[in-house]
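Numbering (this note's numbering), first residue to last: 10 to 208.
So, in structure tokens, the structure goes:
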């Protein structure tokens with residue numbers, strides 16, 4: 010059942026052009042979760058639950074841990090909740106609605122894994138909002154670092170202060186040609202930044 014739900018969510022993201030990690034990046038994210046064995050993951054940017062499902066499956070396999078996920082759009086958050094429910098993972102999820110940088114200030118739990126996939130210029134604000142709750146060490150994964158100009162403050166901070174590594178991916182993006190012709194493919198290089206935070 011889980012695989013079917015994940016497949017459906019991926020199809021919905023593609024059909025509706027909802028941003029998602031895609032399988033390659035999701036596998037890297039899942040491997041980071043597997044390595045960290047976190048008790049609490051905080052995710053900024055739930056969308057309809059694609060990346061959340063990947064992380065939840067890993068937690069389930071590890072036999073411990075839960076996910077606090079934050080989404081600014083209430084409709085998307087509800088769709089994600091429905092998807093977590095269908096996948097049999099709802100008991101592992103605390104879904105919250107609001108601006109991530111504000112919601113993160115209310116998290117009381119020690120957080121040993123942070124996934125940033127919301128508005129790019131908000132990464133540093135989210136990091137600062139949750140920093141006091143980060144364990145020592147904690148793993149931080151940030152998506153879309155190919156657009157480094159939009160998160161320059163965040164990247165400069167983590168690369169200067171912690172062990173931080175960029176993983177690059179070639180993504181294939183469909184775009185409609187302007188003259189009403191067929192879809193054309195466009196290669197785009199994007200990355201994920203994996204940081205080991207130590208206080």
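Glycine included, each C-beta is placed from N, C-alpha and C at the ideal position.
- Item | Other residues of its chain near residue 78: CB distance less than 6 angstroms, five sequence neighbours each side excluded | As a working note, residue 78 is residue 69 in the chain shown. Hits under 6 angstroms: 52, 55, 61, 104.
- Message: Tell me the DSSP secondary structure of residue 90 in three-state form.
- Response: Stepping through the chain shown from its first residue, residue 90 is reached at position 81. Helix at residue 90.
- Item | Simplified DSSP assignment, three categories, for residue 56 | Your numbering for residue 56 matches position 47 in the chain shown. Residue 56 falls in the coil class under three-state DSSP.
- Message: I'd like to check one pair, residue 121 with residue 48: are the Cβ atoms closer than 8 angstroms?
- Response: Sequence index remark: in the chain shown, residue 48 carries index 39 (1-based). Sequence index remark: in the chain shown, residue 121 carries index 112 (1-based). Result yes, Cβ atoms of residue 48 and residue 121 sit closer than 8 angstroms.
- Decide yes or no for the touch test of the segment 83 to 96 against the segment 110 to 121: beta carbon pairs closer than 8 angstroms, at least 3 of them. no
- Query: Based on Cα-Cα distance, which residue from 155, 163, 127 lies nearest to residue 176?
  - Reply: Here residue 176 corresponds to residue number 167 of the chain shown, with the count starting at 1. Comparing Cα-Cα distances from residue 176 to each of 155, 163, 127, the minimum goes to 155.
- Item | Chain-order list of residues whose beta-carbon lies under 8 angstroms from that of residue 127 (same chain, five-residue window excluded) | As a first step, residue 127 is located in the chain shown; it is residue number 118 there, counting from the start. Leaving aside the five residues that flank residue 127 on each side, the residues in its chain whose CB is nearer than 8 angstroms to its CB run, in chain order, 53, 54, 79, 81, 109, 135.
- Query: Can the beta-carbon of residue 14 be found less than 8 angstroms from the beta-carbon of residue 65?
  - Reply: Your numbering for residue 14 matches position 5 in the chain shown. Your numbering for residue 65 matches position 56 in the chain shown. Not closer than 8 angstroms, so no.
- Query: Which two residues bound the contiguous alpha helix (DSSP H) that contains residue 150?
  - Reply: Position 141 of the chain shown, counting from 1, holds the residue named residue 150. Careful: residue 150 lies outside any alpha helix (DSSP H), inside the beta strand (DSSP E) at 143 to 151.
- Span separating the alpha-carbon of residue 27 from that of residue 21: Here residue 27 corresponds to residue number 18 of the chain shown, with the count starting at 1. Here residue 21 corresponds to residue number 12 of the chain shown, with the count starting at 1. Here the alpha carbons of residue 21 and residue 27 stand approximately 8 angstroms from one another.
- Along the chain, where does the beta strand (DSSP E) that runs through residue 75 open and close? One-based indexing of the chain shown puts residue 75 at position 66. Element bounds for residue 75: 75 to 80.
- Item | Contact set for residue 145: own chain, Cβ-Cβ below 6 angstroms, skip 5 residues either direction | In the chain shown, residue 145 corresponds to position 136, counting from 1. Cβ neighbours of residue 145 beyond the five flanking positions: 207, 208.
- Item | Close-in-space but distant-in-sequence residues of the same chain around residue 37 (CB under 7 angstroms, 5 per side omitted) | Here residue 37 refers to the residue found at position 28 when the chain shown is read from its first residue. Excluding five sequence positions before and after residue 37, the CB atoms of its chain that fall closer than 7 angstroms to its own CB belong to 176, 201, given in chain order.
- Query: Residues in its own chain within less than 7 angstroms of residue 142 by CB, not counting five upstream and five downstream?
  - Reply: Counted from its first residue, the chain shown places residue 142 at position 133. Same-chain partners within the cutoff: 116, 118, 119, 120.
- Message: For a test of the three-state rule: what should DSSP assign to residue 27, helix, strand or coil?
- Response: For the purposes of this step, residue 27 is identified with residue 18 of the chain shown, where counting begins at 1. Coil.
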